[in-house]
Each structure stands twice: as structure tokens, then as C-alpha cells.
Amino acid sequence: MQLRELGASGLLVSPICLGTMTFGEPVAEADAVKLVHAAIDMGVNFIDTANVYEGYKRVLGSAGGVAEEIVGKALLGRRNDAVLATKVGAPLGAGPQDRGLSASHILREVEQSLRRLQTDVIDLYIVHWPDKHTPLETTMAAIDQCVRQGKVRYFGASNHSAAQLCEMLWLADANGWPRVVSSQIPYSMLRREFHNDLPFCAKHQIGVTPYQSLQGGLLTGKYRRSESAPADSRLAEKPAWMWELNDGLYDQLEGVEQLAGELDISPARYTLAWTLQQPAMSSLVVGAKRAEQVADAVAASQIAIPEEHFERVDQVCPPPWRQPDPIR
Ligand SMILES: NC(=O)c1ccc[n+]([C@@H]2O[C@H](COP(=O)([O-])OP(=O)(O)OC[C@H]3O[C@@H](n4cnc5c(N)ncnc54)[C@H](OP(=O)(O)O)[C@@H]3O)[C@@H](O)[C@H]2O)c1
50 MQLRELGASG LLVSPICLGT MTFGEPVAEA DAVKLVHAAI DMGVNFIDTA NVYEGYKRVL
110 GSAGGVAEEI VGKALLGRRN DAVLATKVGA PLGAGPQDRG LSASHILREV EQSLRRLQTD
170 VIDLYIVHWP DKHTPLETTM AAIDQCVRQG KVRYFGASNH SAAQLCEMLW LADANGWPRV
230 VSSQIPYSML RREFHNDLPF CAKHQIGVTP YQSLQGGLLT GKYRRSESAP ADSRLAEKPA
290 WMWELNDGLY DQLEGVEQLA GELDISPARY TLAWTLQQPA MSSLVVGAKR AEQVADAVAA
350 SQIAIPEEHF ERVDQVCPPP WRQPDPIR
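Position 74, counted from 1, in the sequence shown is what my numbering calls 123; the numbers after and before it change by one each time, with no gaps.
Structure representation (C-alpha cells):
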């Protein structure tokens, strides 16, 4: 795989990043450890986790920590093989200080993440969601402290708009704090509400690391009109994490499948290759249940989608694109 720059960090990352949100369930610990090793052996050098991830058991405010612990075990003896990203900010309990981007929460959680990950340093520390209760100055001063203490190397954002990223750059330059190097946003053919932010990221060397480019598996061709979902699929196992399928959505999925078929590649590979060719893309955060799914993503990173297909994808999946889930 040809490595890509992660924004202005100087880090070179594989165009596929292994997502770990399903570690614990349905990907049990032993399988998850094997999956991490298989991904590294395929050339994936970028792993994304979060303090809240605990697989399908996750409910709003539960304790989290499961995926980080598994990743920590998987990287024992292989720590230098991976650029390790984790996140802070999502709710981890019922208390008012159990969430958000206050100095209190960040400085507590960075210690918890380091312990669970069994590492001295987090390569990329990502603020998971905007926090309306905390001024960005407070958050960034806390991140700066983590960097100065050697606990964190680089600072990234997730689910933040270009205007918020702009404010982060502005504050970093004004105060000598670390600049934001990456932006993890939802981005798929079906969901492009951050599309107009991509040129800003390209211009300011913020590497975009989109999540759910396969839209949780919808864009892989496995869900067919008038057929029930495959038994081991996310739609069968965890429907709450999936969009409801309707005729309009099936039309789009079939349209994408037809375009992929013209190039004789699978919808999953077509979708991921298309996403990698969007502006500012550094690495796609892809969820995988099995090593074959990682292999599919790695293969997609070597495919070039012809220019004329971009307009045709827009015809199949026209705006307005889906907005973020209201729960968030
Ligand atoms: N920053 C944030 O707020 C945020 C939010 C969500 C996710 N994330 C990150 O993004 C990662 C990916 O999210 P995601 O897993 O929800 O989305 P996704 O990558 O769009 O979907 C992954 C799922 O699609 C199916 N799949 C993957 N490759 C396939 C293939 N080649 N053929 C058929 N099915 C395939 C698998 O599910 P089944 O086999 O079970 O069907 C897999 O678990 C997460 O692990 C996490 O690291 C970040």
C-alpha cells in the first residue's frame, strides 16, 4: 500500500486504518487480536480506537474501555508497528464530569487510555465530539499539557466542522499549542454533510480520516431487496446501528452496485476506492469483522476510479445527503 501523509504531522499512514468499534462484540477478544495482527501483516499501520468503544454492548453512558484493552494486548511487542489513535469526550458514565472536553475529563481519561492501551504515548489523541460546555481554549490547553508531558504526540478532531477546525488552528497559532492534524468525520457516498469542508482540510494540511465509508456495510452489496439480511451481518446482529432500508435506499445501493459492476469490482471495493479519491483523504477508518474484510479494503486502496464515474455516483446518490444521527 502506498502510504499517505497524515496532515502536517509528518506521519505516514496506510490509506486504510483499522477501526475497532466492534471489538468485544461481535469481534471477541481472541479474534480481535488476530485481526489486528492480520491487518498489520497486510500493511495497515494505523489503528483507531476510543475510550468508549466496547462493541455492540455499548449503551449511552456505559463504562467503555473494552476495545482499548484489546488493542493494548494486540500491540504488546508490536507497538512500533502502528500509529495508534484514541479518542476522548464521549459519555462514559452518569456524572457530569464523565464526558466532554474539560481539562478535568481529558487529564483523567488520558491516563486511563494509556493504562488500557499498555503504552507510554498515544500517537494521535482525538477529541471525539464538540462539547458545547467547554471553550476550545480550555480543551486545547489540556491537550497541550498532554503533549508537553509526553503522553500524546499529535492532536486530532472528530465530528467537528471546518469552522471549528479553523478556530483550533487560530488558537494553536496564537498560543503555541499543537495544531490539529486530522479530522475524523462521517463520510460515505450516502452521507456527505461534511463534503464542503474537505477543501479547507486540504488547504490547511488537516488529514481527513473518514469513518463509515461503507455506511456500516450497506455499501457492500450484501443487503438485497426482498431478501432478509445475512445472519452474520450488522443489520441482523445490531439493527440499532444501521439505517432503515427502504425502496429509495435500495435504489441507491443497486445503482452503486451497477457502477461497480461496470468496472468488474465489488461494491465494497468501489465505494472505498471512490472515497479515497475525494479531496484531503489520508486514511479510511474501516470496520472489519474478519481478515477478508480488511483484505478487501487493502485491495480497494490500489484501485483508481475513472473520472467519469464521479458524476455518475452523484447522480445515483444526489444531495441532500443524510445528516448526522440526531442522537449525536
Ligand atoms: N469518530 C466517530 O464518531 C466514529 C463513529 C463511528 C465509527 N468510528 C470509527 O470508524 C470505524 C468504522 O465504523 P463502522 O464499522 O461503523 O463502519 P463501516 O466501516 O462503514 O462498516 C464496517 C462493517 O461493514 C461490514 N463490512 C466491512 N467490510 C466488508 C466487506 N468487504 N464486505 C462485506 N461487509 C463488510 C462489517 O460488518 P458485518 O460483517 O457485521 O456486516 C463491518 O463491521 C469504527 O470501528 C470506528 O473506529 C468513528
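Note that beta-carbon positions come from the ideal geometry of N, C-alpha and C, so glycine has one too.
What is the DSSP secondary structure of L124, counted as helix, strand or coil?
Residue state, collapsed to three classes: coil.
Based on DSSP bridge pairs, tell me the residues matched to M330.
V257
Per DSSP, what are the beta-bridge partners of C66 in this structure?
In DSSP, C66 forms a bridge with V334.
So, is Q198 buried or exposed, given that buried needs 16 or more other C-beta atoms within 10 angstroms?
exposed
Whole-angstrom Cβ separation of G138 and D169, contact assumed at under 8 Å?
Cβ atoms of G138 and D169 stay farther apart than 8 Å, at about 22 Å.
Considering only heavy atoms of ligand 1 and the C-beta of each residue, which residues fall inside 5 Å, strictly closer?
Those residues having their beta-carbon less than 5 Å away from any non-hydrogen atom of ligand 1 are, in chain order, G68, M70, D97, S207, Q233, Y260, Q261, L263, G265, G266, T269, S282, R283, A317, V334, V335, G336, K338, Q342, D345.
Just grab the DSSP bridge partners of P235 for me.
DSSP, once it has assigned bridges, lists Y260 as partnering P235.
So, is I376 buried or exposed, given that buried needs 16 or more other C-beta atoms within 10 angstroms?
Any reading at I376 must be qualified, since the residue scores a pLDDT of 42, below 50, and its modelled position is unreliable; no value is offered.
Just to confirm the assignment: which complete alpha helix (DSSP H) runs, minimum length 4, are found wholly within the segment 97 to 175?
List check, alpha helix (DSSP H) in window: 115 to 123, 152 to 166.
Are the Cβ atoms of L218 and V229 separated by less than 8 Å?
It is a contact, given that the beta carbons lie within the stated cut-off.
For a test of the three-state rule: what should DSSP assign to L267, helix, strand or coil?
helix
Determine, using beta-carbon pairs with one atom in the segment 329 to 343 and one in the segment 244 to 260, whether at least three such pairs fall under 8 Å.
yes
Indicate the three-state DSSP secondary structure (helix, strand or coil) for L185 in the structure shown.
helix
Alpha carbons only, please: which of A190, T135, E186 is nearest the one belonging to Q167?
T135
Would you mind listing the alpha helix (DSSP H) stretches within the segment 339 to 363 that are 4+ residues and don't spill past its ends, in chain order?
Here the runs fully enclosed are 340 to 349.
Is it right to say K252 is buried, meaning 16 or more other beta carbons lie within 10 angstroms of its own, or is it exposed?
If you draw a 10 Å sphere on the C-beta of K252, you find fewer than 16 other C-beta atoms in it, and that means exposed.
Q213 to L312, Cα distance in whole Å?
39 Å
Under the DSSP definition of a beta bridge, which residues are partnered with E229?
A quick correction: the sequence has Val, not Glu, at residue 229. Looking at the DSSP assignment, V229 forms a beta bridge with F204.
Take the Cβ of H177 as the centre, count every other Cβ of all protein chains shown within 10 Å, and call the residue buried at 16 or more, exposed below.
buried
Can I354 and A322 be called in contact, C-beta distance under 8 Å?
yes
CB-CB under 8 Å to S315, same chain, minus the five flanking residues each way: which ones, in chain order?
Within the same chain, S315 has close Cβ partners T269, G270, A309, D345.
According to DSSP, which residues form a beta bridge with E54?
L61
Which residue's Cα is closest to the Cα of M91: E356, V365, E341?
E341
According to the Cβ coordinates, are D172 and V132 closer than 8 Å?
yes
Would P227 be called buried (16 or more neighbouring beta carbons within 10 Å of its own) or exposed?
buried
Do the CB positions of L67 and V101 come within less than 8 Å of each other?
no
Classify V76 as helix, strand or coil using the three-state DSSP reduction.
Strand.
Suppose you measure from the CA of L247 to the CA of Q51; what does that come to, to the nearest Å?
If you take the alpha carbons of L247 and Q51, they lie about 21 Å apart.
CA-CA distance, M238 and V362?
8 Å
Where R274 and L267 are concerned, what is the direct C-alpha to C-alpha distance, given to the nearest angstrom?
12 Å
Here's the rule I'm using: 16 or more other beta-carbon atoms within 10 Å means buried, otherwise exposed. How should D222 be labelled?
exposed
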